[in-house]
Amino acid sequence: MAFLVGLLTGVIASLINLAIENISGLKMLQMVNLVRGKRYWAGFLYFAGVNFALTFVAAVLCVVFAPTAAGPGIPEIKAYLNGVDTPNMFGAPQLIVKIIGSIGAVSSGMDLGKEGPLVHIGACLANLLSQGGEGRWRLRWRWLRYFNNDRDRRDLITCGASSGVCAAFRAPVGGVLFALEEVATWWRSALLWRTFFSTATVVVVLRGFIEVCRDGRCGMFGEGGLILFDVSDVTVRYHVGDLLPVTLVGVLGGVLGALYNHVLHQVLRLYNLINAKGRLAKLALALAVSVFTSAGLYLLPFAVPCTPCDPAFGDACPTVGKSGNFKQFNCPTGYYNDLASLLHATNVDATRNIFSTGTAGEFRLDSLLIFFGIYCVLGLFTFGIAVPSGLFLPIILMGSAYGRILALVLARFVRIDHGLYAVLGAAALMSGSMRMTVSLCVIFLELTNNLLLLPITMFVLLIAKTVGDAFNPSIYEIILDLKGLPFLEPKPETWMKDLAVGELAAAKPRVVTLQVIEKVSTVVEVLRSTPHNGFPVLDWPRPGVSELHGLVLRSHLMAVLKKRWFLTDKRRTEEWEARERFSSTELAEKSGSIDEVAVQLTPEELDMYIDLHPFTNTTPYTVVETMSVAKAVVLFRTCALRHMLIIPKFQGPEIAPIVGILTRQDLRAHNILGAFPHLANKRKVH
2 MAFLVGLLTG
12 VIASLINLAI
22 ENISGLKMLQ
32 MVNLVRGKRY
42 WAGFLYFAGV
52 NFALTFVAAV
62 LCVVFAPTAA
72 GPGIPEIKAY
82 LNGVDTPNMF
92 GAPQLIVKII
102 GSIGAVSSGM
112 DLGKEGPLVH
122 IGACLANLLS
132 QGGEGRWRLR
142 WRWLRYFNND
152 RDRRDLITCG
162 ASSGVCAAFR
172 APVGGVLFAL
182 EEVATWWRSA
192 LLWRTFFSTA
202 TVVVVLRGFI
212 EVCRDGRCGM
222 FGEGGLILFD
232 VSDVTVRYHV
242 GDLLPVTLVG
252 VLGGVLGALY
262 NHVLHQVLRL
272 YNLINAKGRL
282 AKLALALAVS
292 VFTSAGLYLL
302 PFAVPCTPCD
312 PAFGDACPTV
322 GKSGNFKQFN
332 CPTGYYNDLA
342 SLLHATNVDA
352 TRNIFSTGTA
362 GEFRLDSLLI
372 FFGIYCVLGL
382 FTFGIAVPSG
392 LFLPIILMGS
402 AYGRILALVL
412 ARFVRIDHGL
422 YAVLGAAALM
432 SGSMRMTVSL
442 CVIFLELTNN
452 LLLLPITMFV
462 LLIAKTVGDA
472 FNPSIYEIIL
482 DLKGLPFLEP
492 KPETWMKDLA
502 VGELAAAKPR
512 VVTLQVIEKV
522 STVVEVLRST
532 PHNGFPVLDW
542 PRPGVSELHG
552 LVLRSHLMAV
562 LKKRWFLTDK
572 RRTEEWEARE
582 RFSSTELAEK
592 SGSIDEVAVQ
602 LTPEELDMYI
612 DLHPFTNTTP
622 YTVVETMSVA
632 KAVVLFRTCA
642 LRHMLIIPKF
652 QGPEIAPIVG
662 ILTRQDLRAH
672 NILGAFPHLA
682 NKRKVH
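Structure (structure tokens):
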């Protein structure tokens, strides 16, 4: 199954690459031809019109058919692998819209990448393969039942996420480490080789497409998106004196990354208010950003002077038609427009141009400052609109620009190639924003194919992450919080040690319990009146004495009601009777609405009984009421729980066998502080 995930992810990623590169390349080529013919208004209208149409297709698909396909999808994957239910996130509609939408959105020239969508596409493929499809198209093959459990589904989605990163950067080891460092909450040795197997398959598929497309069989621009940002031809030499400018790159990367996170947080809050107004508001916002982007990318190159070509470059300067560092654009023969070389290219080609080595004098300082400024603005205002989008490449572009700028400003002190400073700047800004180190280090090494960069890349990443952590959380943590996803961090707050789970349970409404043989009407009323997904089940072994029998899930109760497996009198059923009536697939299906089921029940059926013995988990996780909340959080996260039962410290005939029940929402810091505001002072002290 891991092989299939890698194979399909690699094929789809290659096709997306081919589509984006050819659409973008042909669009740019036609626009440049109009500009060279002095038809400037026609060039702008063509450029903006094509971008508008591509954005319209991507936005309509997301707004109408699959709203959850908008954005990168990585925060939702991270939340799901943490134990959060993310409905309508990994289905067939999301997969189809993500594929078509990412082609349209990235081809439209907006400041977003295909890396996040590829991670989501890999996760969708993994989910659909593990479940045999979706809805009425689901396959019922017997061997698929082995994957119909939460652990294997999580493992395959992790494989899909790592395959997506590998497909985006051609970085198989980086993809595995990304899954380990950023998205997976629970990791084990078996998952390591499965993700590696998936990413290895992706690399083989990508290599096959490169060979096929090498001779132009995939279109004029088909090869572009599959090529590494290769700087392996540069011998990297650095000395002790280089540590100061390299340290400055790391510090600025951390500061700028934290500032980017802060401003993007405010922009996303504003966008949430706009998007809440309805579909038309979402569509209008996306199209407005598209028009603004087209205007900026088209007009800004006219603001910089033309640069004469160095005779040493021969026919390579100026570049006419396909991608290159020396776009002629509006310049006469023998001159090139360096800003057009960066803005009038796909994001991948722009990155390749700015990473290019031996080009210290090719990009002017004012052009780089304009490029950095416009991409900061576009990066902040593009993410969050209703199209599939990724953060990786926009941050790489911003970081590489400020790396080049630093290299030009500190030219007297810089011995390292300016293109390599662009690589370090991109790595620093990504670490300052996303707070990853190991996976980013390996991804950049695989991207640039230069192992000699390893020591200073590690140095820069560590500095940027340390500086960024001093200001705010990572960008994905901010997005998780904005989306209201109850993600549990690996380390609980220090003040949680001062609060017992019994006190937390006392601040909640009284726990709702069921009897081990319960009346149908009572079960229906409990399901109607509470949104809970699990209920403690009590047994009465002798009169006046109750004990905790276990925990029953809402989905199991709904399955019993749907099948009308009722008893006319109170009696215990045998397990074989339940196995004959219910399959594991039926019990695992989503429960649906209680009102739809209850309305079909007759008054006679409501007076009957349900034996919960066969459906009760008799060994649920329990904690004593005196346990600290900090320990409970660690246990809850480590064991991937949905419910945790609290039992009393002392047992007795007059003492209830259950104190309360904790869910993920109950253990979130801001929810606890809402019930115990005095703990906020301790939070500030710590």
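If you count by this note's numbering, then the sequence shown holds residues 2 to 687, one letter each, in order.
Every residue gets a Cβ at the ideal spot worked out from N, C-alpha and C, and that includes glycine.
What are the start and end residues of the alpha helix (DSSP H) that includes residue i?
i: Leu379; result: 366-383
i: His557; result: 555-564
i: Trp187; result: Neither: Trp187 is in no alpha helix (DSSP H) and is coded neither H nor E.
i: Ile417; result: Counting along the chain, Ile417 falls outside any alpha helix (DSSP H), and DSSP gives it neither H nor E.
i: Pro395; result: 393-410
i: Cys332; result: Note, Cys332: premise wrong, no alpha helix (DSSP H); not H, not E.
i: Phe57; result: 41-61
i: Leu160; result: Before going further, note that residue 160 is Cys rather than Leu in the sequence given. From DSSP, the alpha helix (DSSP H) with Cys160 extends over 151-170.
i: Ala579; result: 576-582
The beta strand (DSSP E) that contains residue i, what's its start and end?
i: Tyr610; result: 610-612
Tell me which same chain residues have a C-beta within less than 7 angstroms of the C-beta of residue i, skipping the five on either side of it?
i: Cys640; result: Tyr622
i: Thr248; result: Ile464
i: Val12; result: Val206
i: Gln666; result: Pro487, Asn672
i: Cys1; result: Because the chain here runs from 2 to 687, residue 1 falls outside it and cannot be looked at.
Using 8 angstroms as the threshold, is the C-beta distance between residue i and residue j below it?
i: Ser696; j: Ser199; result: The question about residue 696 has no answer here: the residues shown for the chain are numbered 2 through 687.
i: Asn618; j: Gly551; result: yes
i: Ser432; j: Leu441; result: yes
i: Val538; j: Leu613; result: yes
i: Arg413; j: Leu369; result: no
i: Leu481; j: Ala80; result: yes
i: Tyr376; j: Ala402; result: yes
i: Pro173; j: Val204; result: yes
i: Trp566; j: Arg582; result: yes
i: Gly255; j: Lys115; result: no
i: Tyr336; j: Thr308; result: yes
i: Ser390; j: Ala49; result: no
i: Thr726; j: Val177; result: Because the chain here runs from 2 to 687, residue 726 falls outside it and cannot be looked at.
i: Pro456; j: Arg638; result: no
i: Ala631; j: Met497; result: yes
i: Asn262; j: Ala387; result: no
i: Phe91; j: Asn128; result: yes
i: Asn473; j: Ala259; result: yes
Please report the distance separating the alpha-carbon of residue i from that of residue j.
i: Leu274; j: Leu113; result: 22 angstroms
i: Ile78; j: Thr56; result: 25 angstroms
i: Val61; j: Leu284; result: 7 angstroms
i: Ile101; j: Ala59; result: 7 angstroms
i: Pro246; j: Leu398; result: 20 angstroms
i: Leu265; j: Leu646; result: 39 angstroms
i: Arg436; j: Ala168; result: 22 angstroms
i: Phe327; j: Asn89; result: 46 angstroms
i: Val378; j: Leu300; result: 15 angstroms
i: Thr69; j: Leu344; result: 30 angstroms
i: Ala657; j: Arg580; result: 32 angstroms
i: Ile417; j: Val237; result: 7 angstroms
i: Ser291; j: Ala71; result: 15 angstroms
i: Ile21; j: Ser108; result: 5 angstroms
i: Ser594; j: His533; result: 13 angstroms
i: Asp499; j: Leu515; result: 32 angstroms
i: Glu548; j: Thr87; result: 34 angstroms
i: Leu668; j: Thr495; result: 13 angstroms
i: Met111; j: Ala346; result: 11 angstroms
i: Val634; j: Val624; result: 11 angstroms
i: Asn451; j: Tyr239; result: 14 angstroms
i: Phe677; j: Trp194; result: 45 angstroms
So, at 8 angstroms on beta carbons, what are the nonlocal neighbours of residue i in its own chain, with the 5 sequence-adjacent residues on each side left out?
i: Glu519; result: Tyr610, Ile611, Leu613
i: Tyr477; result: Ile75, Pro76, Lys79, Glu183, Met435
i: Val85; result: Leu486, Pro487, Phe488, Arg665
i: Ala506; result: Val512, Glu626, Ile647, Val660, Gly661, Ile662, Leu663
Could you name the residues of the same chain whose beta carbon sits closer than 6 angstroms to that of residue i, not counting the 5 residues immediately before and after it, in chain order?
i: Gly535; result: Leu552, Leu554, His644
i: Gly44; result: Met32, Leu35, Val36
Under a CB-based cut-off of 8 angstroms, is residue i close to chain B?
i: Ser108; result: The structure shown contains no chain B, having only a single protein chain.
Runs of alpha helix (DSSP H) wholly within the region 595-676 (minimum 4 residues, chain order): Whole alpha helix (DSSP H) segments, 4+ residues: 595-599, 604-607, 630-639, 670-676.
Just to confirm the assignment: which complete alpha helix (DSSP H) runs, minimum length 4, are found wholly within the region 500-536? List check, alpha helix (DSSP H) in window: 502-507, 521-530.
Pick out the complete alpha helix (DSSP H) segments inside the region 423-494, 4 residues or longer, and give them in chain order. Segments of the alpha helix (DSSP H) lying fully in the region 423-494: 439-449, 455-470, 476-483.
May I have a chain-ordered list of the beta strand (DSSP E) segments no shorter than 3 residues that lie completely inside the region 247-310? If we require 3 residues or more, the region 247-310 turns out to have no beta strand (DSSP E) run fully inside it.
List in chain order: all unbroken alpha helix (DSSP H) runs of 4+ residues lying wholly within the region 107-141. Those alpha helix (DSSP H) runs which fall completely within the region 107-141 and span 4+ residues are 116-132.
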